[in-house]
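Student:
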Amino acid sequence: LCEMAKNGLIKKIFWPSSIAVFGRGISPYNVEQEVALNPSTIYGVTKVAGEKLCEYYHQKHNVDIRSIRYPGLISWQTPAGGGTTDYAVEIFYEAIEKGKYTSFIQKGTAMPMLYMEDAIDATIKLMEAPSENISVRTSYNLGGMSFTPEELAEEIKKIIPDFEISYEPDFRQKIAESWPKSIDDSVAKKDWGLNYKFGIKEMSEDMIKNLSIKLKK
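Using the numbering used here, read the sequence shown as starting at 11 and increasing by one per residue.
1. Give me the Cβ distance between S145 and V197, rounded to the nearest whole Å; I'm assuming they're in contact under 8 Å.
2. Could you work out which residue in R79, D201 and F208 is closest to K135 when comparing CA atoms only?
3. When DSSP builds the beta bridges, which residues end up paired with R76?
4. Check each candidate in R147, E61, P159 and R34 and name the one with the smallest Cα separation from T51.
5. Can you list, in chain order, the residues of its chain with a C-beta nearer than 6 Å to that of A129? Leave out the 5 residues immediately preceding and following it.
6. Cα-Cα, which of I185, N220 and N205 is closest to G54?
7. Could you tell me how far apart the beta carbons of K57 and V31 are, in whole angstroms, since I believe they sit closer than 8 Å?
8. Which residue comes first and which comes last in the beta strand (DSSP E) that contains E174?
9. Restricting to runs no shorter than 4 residues, where is the alpha helix (DSSP H) found entirely within the segment 46–102?
10. Give the straight-line distance between the Cα atoms of S176 and P26, rounded to the nearest whole angstrom.
11. Is the segment 67–80 in contact with the segment 99–109, if contact means three or more CB pairs nearer than 8 Å?
12. Using beta-carbon positions only, say whether I36 and I75 come within less than 9 Å of one another.
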């Protein structure tokens, strides 16, 4: 794709990156746009490599490549796939179907998350922005909302009062601990108007409403 764009066959390319690019050596709070990238997983390593390719092709060949570092994505349309942030999807299925959930992420572990509607909106905004507004040619930070498993459980209890959560951390806990707890996305807000419609309350209400219909509960 990059070579095709270099040769004028493609006008714009989007590269999806991830908060998995972050790792040791940085403060876990309000991680800024430009920091050292030391990922702890092979997934994160490949995302860093992709970001550097984006930057290279823009600098050397003026290819218009744009990218977002997505936090954990939450959607009622897509089931959890076993990733580190996927407890925040599984928990809704279990809350509706069983009334309880055992989290593989420990209590008190905050991670950045983003509801799918906001992720789609952000991607469209980025790709429609004038090229001269794009100051980041690696990948833009997206902070979304940060919360812990117990904070999410409390939101669910407002709708499903008898819901219970317990904790049995697995190997994904160490991965979660290597990631930021919150992210500074002020550059994206300034460059192309990033904004969010869903916080933890709105997201929880929408997930339970739509999953209840989907699961016929």
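A virtual CB, placed ideally from N, CA and C, is assigned to each residue, including glycine.
Fair warning: this is a prediction, and the values are worked out from it, not measured in the lab.
Tutor: Judging by the given coordinates:
1. Between the beta-carbon of S145 and that of V197 there is about 7 Å, and that keeps the pair under the 8 Å contact cut.
2. When each option's Cα is compared against that of K135, the closest is D201.
3. In the DSSP output, where bridge partners are listed per residue, R76 has F24.
4. Considering only alpha carbons, the answer is R34.
5. Once the five neighbours on either side are set aside, the close Cβ partners of A129 are L83.
6. When each option's Cα is compared against that of G54, the closest is I185.
7. Separation of the CB atoms of K57 and V31 is rounded to 5 Å, and the pair is thereby assigned contact status at 8 Å.
8. Going by DSSP, E174 is part of the beta strand (DSSP E) stretching over E174 to Y177.
9. For the alpha helix (DSSP H) assignment, the uninterrupted runs of no fewer than 4 residues enclosed by the segment 46–102 are, from N- to C-terminal side, 52–71.
10. The straight-line gap from Cα to Cα measures roughly 33 Å.
11. As far as the Cβ criterion goes, the segment 67–80 does not touch the segment 99–109, which means the pair count is below three.
12. In this structure, I75 does not lie closer than 9 Å to I36 by Cβ.
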